[in-house]
Amino acid sequence: MTQEIQQAYELAKAAYAKIGVDTDAAIEALKKIKISLHCWQGDDVNGFLFQDIALSGGIQTTGNYPGKAQTPDQLRQDIEKALSFIPGKHKLSLHAIYADTDEKLDLDTIKPKHFEKWVSWAKEQGLGLDFNPTCFSHPMADSGFTISSADPKVRAFWIEHCKRCRVIADYFGRELDQKCVTNFWFPDGYKDIPVDREGPRYRMMTALDEVFSVPMDPKYSLDALESKVFGIGAESYTVGSNEFALGYATTRKKAYCLDAGHFHPTEVISDKIPSVLLYTDELLLHVSRPVRWDSDHVVILDDELNAIAQSLVRGNLIERTHIGLDFFDASINRIAAWVIGTRNMIKALLKAYLEPTQELKEAELNGDYTTRLAMMEELKSYPFGAVWDYYCELMGVPVRETWLKDVKEYEQDVLLKR
Ligand code: RNT
Ligand code: ZN
1447 MTQEIQQAYE
1457 LAKAAYAKIG
1467 VDTDAAIEAL
1477 KKIKISLHCW
1487 QGDDVNGFLF
1497 QDIALSGGIQ
1507 TTGNYPGKAQ
1517 TPDQLRQDIE
1527 KALSFIPGKH
1537 KLSLHAIYAD
1547 TDEKLDLDTI
1557 KPKHFEKWVS
1567 WAKEQGLGLD
1577 FNPTCFSHPM
1587 ADSGFTISSA
1597 DPKVRAFWIE
1607 HCKRCRVIAD
1617 YFGRELDQKC
1627 VTNFWFPDGY
1637 KDIPVDREGP
1647 RYRMMTALDE
1657 VFSVPMDPKY
1667 SLDALESKVF
1677 GIGAESYTVG
1687 SNEFALGYAT
1697 TRKKAYCLDA
1707 GHFHPTEVIS
1717 DKIPSVLLYT
1727 DELLLHVSRP
1737 VRWDSDHVVI
1747 LDDELNAIAQ
1757 SLVRGNLIER
1767 THIGLDFFDA
1777 SINRIAAWVI
1787 GTRNMIKALL
1797 KAYLEPTQEL
1807 KEAELNGDYT
1817 TRLAMMEELK
1827 SYPFGAVWDY
1837 YCELMGVPVR
1847 ETWLKDVKEY
1857 EQDVLLKR
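Residue numbers 1447 to 1864, in the working numbering, belong to the letters of the sequence shown in order.
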């Protein structure tokens, strides 16, 4: 530990202690939180199962920064690099299209064995795994509908895919001895105004019931359903809307997945977290940053990120929430994107732990909104950075921007040679 960091930490610790905040306890709490890094930031949501298939489903990466991962080994190497700059022990979220195999497969024939290399690598790295069926970027999704399609052949294909994904998730959970969260997201919707808004939703509901008809051990896997307000090419109607997904999750005892970019622009998920968790046991987050639309920009330490972390910490909801990331920027170094976004998520959680929550709640209950506002504003200039630096050093990762030089070197030595 450098003296400068240690001393700054001691001063910060004393300042926080005066308002009843225990910085060491905050650090201990932070150590326990796992963030699920999304593998798809590393290659612009391409995956390895199919070549030359365009990204579909109404999502989009923009930019063509050089050096993206083209093989599973390259992706793993890049993730290792990113993780070396991120404090703590975390998870990796895989999509089905990231299967690591030479076999010619389709989404309705994937099996656990096609992910064996990911599992042995995750064991080596001490990482957990989460999973996602890939219901887009596939000819069977070309109509704009997958599991809610009116065509029984299309529907059956996606039901089979989703069923297999649950078996793979269970395999991940057992092998790594920690729960694998599987997120189900379907891009299904209409570009233009539909006549029938109920039919596709009824088909999606019954198809999901079939997917989930096989019971799985809750110790090893958890199913989550993600909602969305609209996508590119599905501007007028999205089958898996908020009401659909929340209703489904609550009635079927599934987790709901709140993606920060999947609501109207003035809605925020920080305010939805405590409501949803009154009605579901568990919650999955896709922390992202929408800029005017579901653009999936790299997560920054903005007001909403702080508010998300505050919702989780103040409400004691961390243990029932799985924090996943979901952004993809192809216009900057992809490893830096992971590092910036993930460090920010952890920073926001640390900031939230450095609040005198009990005192603030009491002021609120006593109707003392003056104290509430004054304290919340003063807290913004408390020496949180000193605690963050100390945490990074303690966890053996670079302090402040020193990681950037390493990323640039890696870009020269590895990425630009691909
Ligand atoms: C799309 C959803 C979904 C995807 C990933 C790749 O709008 O947010 O979660 O981003 O599955
Ligand atoms: Zn998402």
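Built from N, CA and C at the ideal position, the CB exists for glycine as well.
Beta-carbon gap between R1735 and K1514 smaller than 8 Å = In this structure, K1514 does not lie closer than 8 Å to R1735 by Cβ.
Go through the stretch 1578-1663 residue by residue and report every complete run of the beta strand (DSSP E) that reaches 3 residues or more, in order.
-> As for any beta strand (DSSP E) of minimum length 3 sitting wholly inside the stretch 1578-1663, the runs are 1626-1630, ordered along the chain.
Return the first residue and the last residue of the beta strand (DSSP E) that S1757 is part of.
-> Careful: S1757 lies outside any beta strand (DSSP E), inside the alpha helix (DSSP H) at D1749 to R1760.
Residue burial classification, W1739 (beta-carbon count within 10 angstroms, cutoff 16) = Exposed, because fewer than 16 other Cβ atoms sit within 10 Å of the Cβ of W1739.
Nearest residue (CA-CA) to Y1617, options E1824, K1569, W1564 and P1558 = With distances taken between Cα atoms, Y1617 lies closest to P1558.
In this structure, does DSSP put R1789 in helix, strand or coil?
-> In the structure shown, R1789 sits in a helix (DSSP, three-state: H, G or I).
Alpha carbon to alpha carbon, how far is Y1828 from M1821?
-> Roughly 10 Å separates the two Cα atoms.
If you scan the stretch 1796-1861 from start to end, which runs of the alpha helix (DSSP H) of 4 or more residues do you find wholly inside it?
-> Taking only runs of at least 4 residues, the alpha helix (DSSP H) segments lying wholly in the stretch 1796-1861 are 1803-1811, 1815-1825, 1830-1840 and 1848-1859.
Integer Cβ distance of K1699 from Y1666, believed to fall under 8 Å = Going by Cβ atoms, the distance from K1699 to Y1666 rounds to 16 Å, so no, they are not a contact pair.
The ligand RNT heavy atoms versus the CB of D1740: any closer than 7 Å?
-> Annotation for D1740 indicates a beta carbon within 7 Å of some heavy atom of the ligand RNT.
Counting along the chain, where does the beta strand (DSSP E) carrying K1550 start and finish?
-> No beta strand (DSSP E) contains K1550, which DSSP labels as neither H nor E.
Between the CA atoms of W1604 and E1689 - distance to the nearest angstrom | Rounded to the nearest angstrom, the two C-alpha atoms are 22 Å apart.
When G1572, F1496 and S1530 are compared against K1550, the one with the closest alpha-carbon | Per the Cα distances, F1496.
Can you tell me whether P1579 is buried or exposed, with buried defined as 16 or more other CB within 10 angstroms of its CB?
-> Buried is the call here.
Beta strand (DSSP E) segments (min. 3 residues) lying fully within the stretch 1491-1571 | For the stretch 1491-1571, the full-length beta strand (DSSP E) segments reaching 3 residues or more read 1537-1541 along the chain.
So, are the CB atoms of D1634 and G1707 less than 8 Å apart?
-> If you check the CB distance, D1634 and G1707 do not come in under 8 Å.
Helix, strand or coil at E1672 [DSSP, three-state] = It is a strand residue.
Can you tell me which of T1684, G1770, T1803 and E1570 puts its alpha carbon nearest to the alpha carbon of D1642?
-> Out of T1684, G1770, T1803 and E1570, T1684 has the C-alpha closest to the C-alpha of D1642.
Segment contact, 8 Å Cβ cut-off, at least three pairs: the stretch 1497-1513 with the stretch 1839-1852 | Not touching, per the Cβ criterion.
Sequence-distant residues of the same chain with beta carbon closer than 7 Å to K1477, five excluded per side | Within its own chain, the residues whose Cβ lies closer than 7 Å to the Cβ of K1477, once the five positions on either side in sequence are excluded, are G1534, listed in chain order.
Span separating the alpha-carbon of V1759 from that of V1600 = So the alpha carbons of these two residues sit roughly 42 Å apart.
Where does R1780 fall in DSSP's three states?
-> For R1780, the secondary structure class from DSSP, reduced to helix, strand or coil, is helix.
Are the beta-carbon atoms of S1594 and A1653 separated by less than 8 Å?
-> Yes, the Cβ-Cβ distance between S1594 and A1653 is below 8 Å.
Taking one C-beta from the stretch 1747-1762 and one from the stretch 1795-1808 each time, how about it: are there three or more such pairs within less than 8 Å?
-> Using a Cβ-Cβ distance cut-off of 8 Å, the stretch 1747-1762 and the stretch 1795-1808 are in contact, since at least three pairs of beta carbons, one from each stretch, lie closer than that value.
Closest Cα partner of S1777 within the set N1510, Q1804 and A1458 = The candidate whose alpha carbon is nearest that of S1777 is N1510.
Inter-residue spacing [alpha-carbon to alpha-carbon] between E1857 and E1570 = Cα atoms of E1857 and E1570: separation of roughly 24 Å, rounded to the nearest angstrom.
Pull up the distance between the alpha-carbon of W1784 and that of N1812, whole angstroms please.
-> Approximately 42 Å between the Cα atoms of the pair.
Below 8 Å between beta carbons: does that hold for G1488 and L1521?
-> G1488 places its beta carbon less than 8 Å from that of L1521.
Roughly how many whole angstroms lie between the Cα atoms of S1530 and R1610?
-> Looking at the two C-alpha atoms, the distance is approximately 32 Å.
Taking just the CA atoms, how far does G1787 sit from A1794?
-> As the crow flies, the alpha-carbon of A1794 is around 11 Å from that of G1787.
Alpha carbon to alpha carbon, how far is I1556 from S1757?
-> Across the structure, I1556 and S1757 are spaced so that their CA atoms are roughly 38 Å apart.
Can you tell me where the beta strand (DSSP E) with T1726 in it begins and where it stops?
-> First-last for T1726: undefined, no H or E at that position.
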